[in-house]
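>
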Amino acid sequence: MAERKLITPRFRITVGDQVFTRGIRVECHSSLREQCSWATLEYDPGYAGLLDLASMAPAQVELGYDGDYDTLLTGYMADGQALGPYRILDDTLFLKRTYVKETFLDCCPQDIIRFGLGRAGIADYRLSDTMYPKKDVVPVPRMNVAELIQEVGRVWGLEASFYFRSGRFFWGTGEEQTLIYVLEEGKNILSFNQWNGGNEIKTIGVPWIHQGERIRIRHRKFDGEALVT
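Be aware that the sequence shown starts at 1, since it is given in full-length UniProt numbering, and climbs by one per residue.
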């Protein structure tokens with residue numbers, strides 16, 4: 001288990017070679033179900049005429065305490081004008097912009113996913129090492145690579161999640177986790193709801209907990225470990 005002191009969090013936004021810690025409003029979203037992480041940001045009017053945030057400029061969103069920042073999102077400026085709102089999307093952007101139309105022969109899921117990632121220019125990835133039965137023929141009509149990966153799950157009957165973390169793509173696996181953080185009622189849990197077989201937790205800012213990780217929940221409605229989705 002791990003404990004870290006929580007005080008007032010601050011955002012730090014980096015776009016290209018520009019760094020902002022004040023005069024910004026940020027919302028971050030991350031979901032395994034949507035297979036994409038993104039952020040929206042707006043700047044105070046005082047920045048009018050001073051910003052030049054080019055489309056596809058590399059961007060990073062961090063949140064931290066006392067100068068100790070954790071990365072919430074790395075990606076690229078997707079769109080926005082004037083004072084925004086701007087949108088930052090993670091590398092899923094490349095999957096959705098790249099289309100394929102192929103017929104795969106004598107293949108397993110990883111073969112098709114590697115092909116799609118290669119077409120999208122994604123070289124840093126980690127795929128599940130589970131051995132799945134090969135299929136003789138898998139025809140794929142024109143679709144983007146994100147849809148292709150979803151199609152792989154449908155064809156093989158898999159529920160493997162996929163996502164990007166700090167520019168690395170994960171499918172059916174995740175980063176090795178050495179610490180399990182604790183969310184506890186009366187300390188850092190603001191509200192707790194159960195619906196559709198899952199748990200929805202509202203907390204204070206906890207930037208070092210990411211999707212795909214396991215956490216420990218201590219609450220009168222649930223006490224145990226859970227996966228962040």
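Glycine is no exception: its CB is placed at the ideal position from the N, C-alpha and C atoms. This structure is a prediction, so every number in the text was calculated from the model and none was measured.
Curious, which full-length beta strand (DSSP E) runs of at least 3 residues does the stretch 78-135 contain?
The qualifying runs are 86-89, 99-107, 125-127.
> Within the continuous alpha helix (DSSP H) that includes Val19, where are the two ends?
On the sequence shown, residue 19 is found 19 positions in, with the first residue counted as 1. Taken as a continuous stretch (DSSP letters only), Val19 belongs to no alpha helix (DSSP H), being part of the beta strand (DSSP E) at 18-20.
> What number of angstroms, rounded off, separates the C-alpha of Asp106 from the C-alpha of Pro207?
Reading the sequence shown from its first residue, position 106 is the one you call residue 106. Reading the sequence shown from its first residue, position 207 is the one you call residue 207. The alpha-carbon atoms of Asp106 and Pro207 are separated by roughly 43 Å.
> Taking C-alpha atoms, which residue in Leu41, Met77, Phe170, Arg119 lies nearest to Ala57?
As a working mapping, residue 57 is identified with position 57 in the sequence shown. That would be Met77, whose Cα lies nearest to the Cα of Ala57.
> Can you tell me whether DSSP reads Pro58 as helix, strand or coil?
Numbered from its first residue, the sequence shown carries residue 58 at position 58. If DSSP states are grouped into helix, strand and coil, Pro58 belongs with the strands.
> Can you tell me whether Ser55 is buried or exposed, with buried defined as 16 or more other CB within 10 angstroms of its CB?
Numbered from 1 along the sequence shown, position 55 holds the residue referred to as residue 55. With fewer than 16 other Cβ atoms within 10 Å, it is exposed.
> Kindly give me the distance between the Cβ atoms of Phe164 and Thr92, rounded to whole angstroms, as I take these residues to be in contact under 8 Å.
Taking the sequence shown and counting its residues from 1, the one referred to as residue 164 is at position 164. Taking the sequence shown and counting its residues from 1, the one referred to as residue 92 is at position 92. Indeed they touch by this definition, with Cβ atoms about 6 Å apart.
> Within the continuous beta strand (DSSP E) that includes Ala39, where are the two ends?
Working through the sequence shown from its first residue, we reach residue 39 at position 39. Counting along the chain, the beta strand (DSSP E) containing Ala39 begins and ends at 36-43.
> Is it buried or exposed for Ile113, if we count other Cβ within 10 angstroms and need 16 for buried?
To locate residue 113, count along the sequence shown from 1; it is residue 113. Buried, because 16 or more other Cβ atoms sit within 10 Å of the Cβ of Ile113.
> For Tyr125, which residues in the same chain have their Cβ closer than 6 Å to its Cβ, ignoring the five residues on either side in sequence?
What you label residue 125 is simply residue 125 of the sequence shown in a count that begins at 1. Contacts found: Leu117, Phe169.
> Nearest to Trp195 by alpha carbon, out of Ile215, Lys221, Gly186?
Within the sequence shown, residue 195 is the residue found at index 195, counting from 1. Measuring from the Cα of Trp195, the nearest candidate turns out to be Lys221.
> Between Ala226 and Ile215, how many whole angstroms is the CB-CB distance? I'm expecting something under 8 Å.
If you number the sequence shown from 1, residue 226 lands on position 226. If you number the sequence shown from 1, residue 215 lands on position 215. About 6 Å separates the two Cβ atoms, so the contact holds.
> Could you tell me the alpha carbon to alpha carbon distance between Glu176 and Glu102, rounded to whole angstroms?
Walking along the sequence shown from the start, residue 176 turns up at place 176. Walking along the sequence shown from the start, residue 102 turns up at place 102. C-alpha separation (whole angstroms): 34 Å.
> Evaluate Ile13 with the Cβ neighbour count: other Cβ atoms within 10 Å of its Cβ, from every protein chain shown; 16 or more gives buried, anything less gives exposed.
On the sequence shown, position 13 is the one that residue 13 refers to. It counts as buried.
> So, Leu127 versus Gln110, is the Cβ gap smaller than 9 Å?
For the purposes of this step, residue 127 is identified with residue 127 of the sequence shown, where counting begins at 1. For the purposes of this step, residue 110 is identified with residue 110 of the sequence shown, where counting begins at 1. Against a cut-off of 9 Å, the Cβ pair of Gln110 and Leu127 comes out as a contact.
> I'd like to confirm the pairing. Which residues does DSSP put opposite residue 235 in its beta bridges?
Residue 235 falls outside the range modelled here, since the chain spans only 1 to 229, and no answer is possible.
> Is Arg154 helix, strand or coil when you go by DSSP?
Locating residue 154 in the sequence shown gives position 154, counting from the first residue. Helix.
> Comparing C-alpha positions only, which one of Gly64, Ile88, Arg218 sits nearest to Phe11?
Against the sequence shown, residue 11 aligns to sequence position 11. Phe11 has its Cα closest to that of Gly64, out of Gly64, Ile88, Arg218.
> Output needed for Gly121: all residues of its chain with C-beta closer than 7 Å, excluding positions within five of it in sequence on either side, in chain order.
Numbered from 1 along the sequence shown, position 121 holds the residue referred to as residue 121. Once the five neighbours on either side are set aside, the close Cβ partners of Gly121 are Phe94.
> Closest to Val61 by C-alpha separation, out of Gly75, Asp68, Gly153, would be which residue?
Residue numbering aside, residue 61 sits at position 61 when the sequence shown is read from its first letter. Closest by alpha carbon: Gly75.
> May I ask you to list the residues that DSSP assigns as paired with Leu73?
As a working note, residue 73 is residue 73 in the sequence shown. DSSP output for Leu73 lists Val61 as bridge partner(s).
> For Ile189, collect the residues of the same chain with a Cβ closer than 7 Å to its Cβ; drop the 5 residues on either side in sequence, then sort them by chain order.
Along the sequence shown, read from residue 1 onward, the residue named residue 189 stands at position 189. Excluding residues within five positions, the ones whose Cβ falls inside 7 Å are Leu183, Ile201, Thr203, His219.
> Does Ala59 pass the burial test, meaning 16 or more other C-beta atoms within 10 Å, or should it be called exposed?
As a first step, residue 59 must be located in the sequence shown, where it is residue number 59. Ala59 is buried by the Cβ-count criterion.
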